[in-house]
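Engineer: In the UniProt record's numbering, the protein residues as written are 1 to 704. Each residue gets a CB set at the ideal place from its N, CA and C atoms; glycine is no exception. Got a structure for you, questions after.
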Amino acid sequence: MEIDDEMIKSKGEEEDKKKPIVVILVGAPGSGKSTFCDHVMRVSTRPWVRVCQDTIGNGKAGTKAQCLAISNTSLKEGKNILIDRCNLDKEQRADFVNLKNSHQVDIHAIVLDLPAKLCISRCVNRTGHEGNLQGGRAAAVVNRMLQKKESPKINEGFTRITFCYNENDVQSAMDTYGSLSSINTLPSGCFGEKKSDSKVQVGIMKFLKRVDAPSKLASNKTDKTEKTDKTTPGPSNDNTTQENHPVNEGKEKKIPFESGTHDGVPTLAFPSISTSDFQFNIEKASEIIVETVEEFVNKIGNGRLVLVDLSHGSKILSLVKTKAAKKNIDSKKFFTFVGDITKLHSGGLKRLKPGGGGVNAAIFDAAGPDLDTATKQRAGSLTPGKAITIPLPSTSPLFSKEGVTHVIHVLGPNMNPKRPNCLKDDYQKGCKVLKEAYMSLFGNFESIVRNQEKLCEHFDGVLNSGVEKVRREDDGICSTEKNKKFKGFVEEKEIGGKVNKDWGSWAQALYKIAMNPEKHGNDVIEILDDVVVLNDVYPKAQKHVLVVARVKGLESLSDVGEEHLPILRTMHDVGLKWAQTFLKENESLVFRLGYHSAPSMRQLHLHVISQDFDSKHLKNKKHWNSFNSSFFRDSVDVIEEVREEGKPKLNDDEKFMSMELRCNRCRSAHPNIPRLKSHIAICKSPFPENLLQNGRLLHAPTKV
DNA sequence: GTTCTAGAAC
DNA sequence: GTTCTAGAAC
Numbered sequence: 001m002e003i004d005d006e007m008i009k010s011k012g013e014e015e016d017k018k019k020p021i022v023v024i025l026v027g028a029p030g031s032g033k034s035t036f037c038d039h040v041m042r043v044s045t046r047p048w049v050r051v052c053q054d055t056i057g058n059g060k061a062g063t064k065a066q067c068l069a070i071s072n073t074s075l076k077e078g079k080n081i082l083i084d085r086c087n088l089d090k091e092q093r094a095d096f097v098n099l100k101n102s103h104q105v106d107i108h109a110i111v112l113d114l115p116a117k118l119c120i121s122r123c124v125n126r127t128g129h130e131g132n133l134q135g136g137r138a139a140a141v142v143n144r145m146l147q148k149k150e151s152p153k154i155n156e157g158f159t160r161i162t163f164c165y166n167e168n169d170v171q172s173a174m175d176t177y178g179s180l181s182s183i184n185t186l187p188s189g190c191f192g193e194k195k196s197d198s199k200v201q202v203g204i205m206k207f208l209k210r211v212d213a214p215s216k217l218a219s220n221k222t223d224k225t226e227k228t229d230k231t232t233p234g235p236s237n238d239n240t241t242q243e244n245h246p247v248n249e250g251k252e253k254k255i256p257f258e259s260g261t262h263d264g265v266p267t268l269a270f271p272s273i274s275t276s277d278f279q280f281n282i283e284k285a286s287e288i289i290v291e292t293v294e295e296f297v298n299k300i301g302n303g304r305l306v307l308v309d310l311s312h313g314s315k316i317l318s319l320v321k322t323k324a325a326k327k328n329i330d331s332k333k334f335f336t337f338v339g340d341i342t343k344l345h346s347g348g349l350k351r352l353k354p355g356g357g358g359v360n361a362a363i364f365d366a367a368g369p370d371l372d373t374a375t376k377q378r379a380g381s382l383t384p385g386k387a388i389t390i391p392l393p394s395t396s397p398l399f400s401k402e403g404v405t406h407v408i409h410v411l412g413p414n415m416n417p418k419r420p421n422c423l424k425d426d427y428q429k430g431c432k433v434l435k436e437a438y439m440s441l442f443g444n445f446e447s448i449v450r451n452q453e454k455l456c457e458h459f460d461g462v463l464n465s466g467v468e469k470v471r472r473e474d475d476g477i478c479s480t481e482k483n484k485k486f487k488g489f490v491e492e493k494e495i496g497g498k499v500n501k502d503w504g505s506w507a508q509a510l511y512k513i514a515m516n517p518e519k520h521g522n523d524v525i526e527i528l529d530d531v532v533v534l535n536d537v538y539p540k541a542q543k544h545v546l547v548v549a550r551v552k553g554l555e556s557l558s559d560v561g562e563e564h565l566p567i568l569r570t571m572h573d574v575g576l577k578w579a580q581t582f583l584k585e586n587e588s589l590v591f592r593l594g595y596h597s598a599p600s601m602r603q604l605h606l607h608v609i610s611q612d613f614d615s616k617h618l619k620n621k622k623h624w625n626s627f628n629s630s631f632f633r634d635s636v637d638v639i640e641e642v643r644e645e646g647k648p649k650l651n652d653d654e655k656f657m658s659m660e661l662r663c664n665r666c667r668s669a670h671p672n673i674p675r676l677k678s679h680i681a682i683c684k685s686p687f688p689e690n691l692l693q694n695g696r697l698l699h700a701p702t703k704v
């Protein structure tokens, strides 16, 4: 999308100069409307009022009429308005567009047309959403709403429409509106609109739900759409499977494996490992598949396993099918599927859906590079029997349109003498490795499913009990256990990455969690595409969480450059969200978000820490000063500096660590930690002026 | 990042 | 006796 700052006219027509703007946000839940509003209101010098239907009812569901009433009053006061509700169809928007009939205003639309899957995952992952649309219900609601989606047109009465299809578009639209002062105007017209209006939610889900598909599909499979991924490193010897979360509601009941009431059934679609190119004995392989499936089928919650045929003759499928039937394996939890699938490549993509033509070709083309990059960053070299999970980048259509959330790579044993590491005829070892391969494949799937369930549980808990009682593991016992766990880490060698600093083995924990959060289900409290959130193992205050960047090579503040602004903003927003969650639980807390100038732990992490510093883990001068001297860089300042100068200022001098101990409120000096701690426990002085500025401190909203 | 230790300072 | 510091080990 192209929106240039230059397009902001500073010398608009005279009568436009002070004309307020009504910005109508158009987008599904989770598309980022509120974030957009918050950002614009934070940075713009125009007076904005956010009209949000979720909050307007003060706890109760708000109405459109209330939104219109507030809009009218605010417009009379000369304010600019952000209409923060879905506004997905023309009818929903009309009343707000008509505000221009009674006021001298321009009506703008910001269309946040982000991938459905992304919106859903944000809804599922977020806490404290004002409309209470969280957890499992989100998928159903978002999909239902998107069915009604109707792109706004200029002839509805808009002066300007901005279309955003990805996070970059959103950022540039936020920047455009954020930099709008009272005397600037924006050019009229439609910006960033994509011509093709591709439908959401097609593909794998429907494919998986077609009962009559298999026979037709089998006959289709000779079409010559197979592709060879030229970037395949070495022999194409890794098998790749895909795990997806169906997200559409699936009203069709003819589905043989429809599990009924779930909005999304986590599904692992996997090929038979090693039986094609690696020439593993099919009889033996089928035995191992069924045996391992049997072990896992009850461990994967509401998930299901689908063996998808890769070979042209589907002997393996019939063998497996028969064996599974003999063992009475629940056919809703495990079944086979013959599909038109190309051979696997390192890119991990294949045609999973029969029919559909262009859609699949597009998926292959478009998702390939993204997935390939993500894979190379994370997977490195894989040893036989081992699996690794790669979350699919949200930029991939396979993610956005098909609902595939992860790709699990697994390498099986090779029995083919023409391929490397051939086991000759050593089936004793071969069977062991193949078994291992399925174990780790299903194991990885299991942990994804559990993680999802845990998140839903977590958020449902929040919903059901008001805002109280979210289970957290930050008591002493858990910390000790985590400590042990962390100590067990051994530094892994880098795969083609340059190392900036020699981090000790103990400094790797955050990095490991950031790279494989699904393996650390107990430690993380939120997993997003770009960040993970976890409780600090040694909290230095009542509430202390870390928002860790999931970007390789971004190890500390010293690595941060201009290109990292989006991730810094994401980290800030996520941190903000958690602070707000904690503030709802305890209004007396005050939060500060920031980075250590020279952190001890590898991987850029944002501290979200309450300012009570009431913790048994706060033991020495360094602990105190790392959060209460200039060594601690407020997130708002870091973002500001990076925006203006391309990099943040670092106060990493050791002198900050040895500074005298001063109260963070009244600034009084104290001779040692115990005395300081007894003082801060009772000091009620207001915070110093510099902390009260620029939103460095976060308080609970003051009651009026 | 933490824990542990020993010795100094209070 | 308690606190601080520094170094070593993890």
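1. For E555, collect the residues of the same chain with a Cβ closer than 8 angstroms to its Cβ; drop the 5 residues on either side in sequence, then sort them by chain order.
2. Whose C-alpha, out of G178, C190, Y165, D169, is nearest the C-alpha of I154?
3. Could you tell me the distance, in whole angstroms, from the CA atom of V545 to the CA atom of E295?
4. Taking the Cβ atom as the reference point for each residue, do S610 and L589 lie within a distance shorter than 7 angstroms?
5. So H596 and S626 are supposed to be a Cβ contact under 8 angstroms. How far apart are they, rounded?
6. Report all residues from its chain with a CB closer than 6 angstroms to the CB of F280; omit the five preceding and five following residues, and keep chain order.
7. Excluding five sequence neighbours on each side, which residues of the same chain lie with their C-beta closer than 8 angstroms to the C-beta of G412?
8. Could you say which of R419, S188, R46, L557 lies nearest to G78 if we only look at CA atoms?
9. With a threshold of 6 angstroms on Cβ separation, who are the neighbours of L676 within its own chain once the five nearest residues in sequence on each side are excluded?
10. Taking the straight line between their C-alpha atoms, what separation do you get for R85 and V40?
11. Would DSSP call I161 helix, strand or coil?
12. Determine the extent of the alpha helix (DSSP H) in which W624 is found, giving its start and end residues.
13. Would you report the Cα separation of W578 and V608, rounded to the nearest angstrom?
14. Between V574 and V537, how many whole angstroms is the CB-CB distance? I'm expecting something under 8 angstroms.
15. Taking all protein chains shown into account, decide if N664 is buried (16 or more other Cβ within 10 angstroms of its Cβ) or exposed.
16. In this structure, how does DSSP classify N108 when only helix, strand and coil are distinguished?
17. Give the DSSP-derived three-state secondary structure of L589 in the structure shown.
18. What do you reckon, are the CB atoms on V141 and G32 nearer than 7 angstroms?
19. How many angstroms separate the CA atom of K429 from the CA atom of L305?
20. According to DSSP, E526 sits in a beta bridge with which residue or residues?
21. For the beta strand (DSSP E) that L554 lies in, which residues bound it at each end?
22. To the nearest angstrom, report how far apart T228 and S121 are at their CA atoms.
23. Alpha helix (DSSP H) containing V293: first to last residue?
24. Leaving out the 5 sequence neighbours to the left and right, which residues in its chain are closer than 6 angstroms to V22 when beta-carbon positions are compared?
25. Does DSSP put I273 in a helix, a strand or coil?
26. Short check: CB of V642 to CB of L528, under 7 angstroms?
27. Does the Cβ of W624 have 16 or more other Cβ atoms within 10 Å, making it buried, or fewer, making it exposed?
28. Which runs of the beta strand (DSSP E), 3 residues or longer, sit entirely within the region 603-677?
29. Could you check whether V26 and N87 sit closer than 7 angstroms to each other, using their CB atoms as the reference points?
30. I'd like to check one pair, S44 with G192: are the Cβ atoms closer than 7 angstroms?
31. Taking 8 angstroms as the limit between beta carbons, can you name the residues of its chain near G57, skipping five residues before and five after?
32. Could you round the C-beta distance between K619 and I673 to whole angstroms and report it? I think they count as a contact, below 8 angstroms.
33. In three-state DSSP terms, what is G575?
34. Could you have a look at D84 and say whether DSSP puts it in helix, strand or coil?
35. Quick one: give me the first and last residue of the beta strand (DSSP E) that I316 is part of.
36. Exposed or buried, P420, counting other C-beta atoms within 10 Å across all chains shown (16 or more means buried)?
Structural biologist: In brief:
1. N500, K501, W503, Y511, R602, Q603, L604
2. C190
3. 36 angstroms
4. yes
5. 6 angstroms
6. S274, M415
7. N239, I273, S274, F278, F280, P384, G385, V433, L434, A437
8. R46
9. L661, H670
10. 16 angstroms
11. strand
12. 621-628
13. 8 angstroms
14. At roughly 19 angstroms, the Cβ-Cβ gap does not stay under 8 angstroms, so V574 and V537 are not in contact.
15. buried
16. In the sequence as presented, Asn is not what sits at residue 108; that position holds His. Strand, per DSSP.
17. coil
18. no
19. 25 angstroms
20. V533
21. No beta strand (DSSP E) contains L554, which DSSP labels as neither H nor E.
22. Caution applies to T228, whose pLDDT of 32 falls short of 50 and renders its modelled position unreliable; the value that the coordinates give is listed next. So the alpha carbons of these two residues sit roughly 32 angstroms apart.
23. 282-296
24. I81, L99, V105, I107
25. coil
26. no
27. buried
28. 605-610, 632-634
29. yes
30. no
31. T63, Q66
32. 7 angstroms
33. helix
34. strand
35. Taken as a continuous stretch (DSSP letters only), I316 belongs to no beta strand (DSSP E), being part of the alpha helix (DSSP H) at 315-326.
36. exposed
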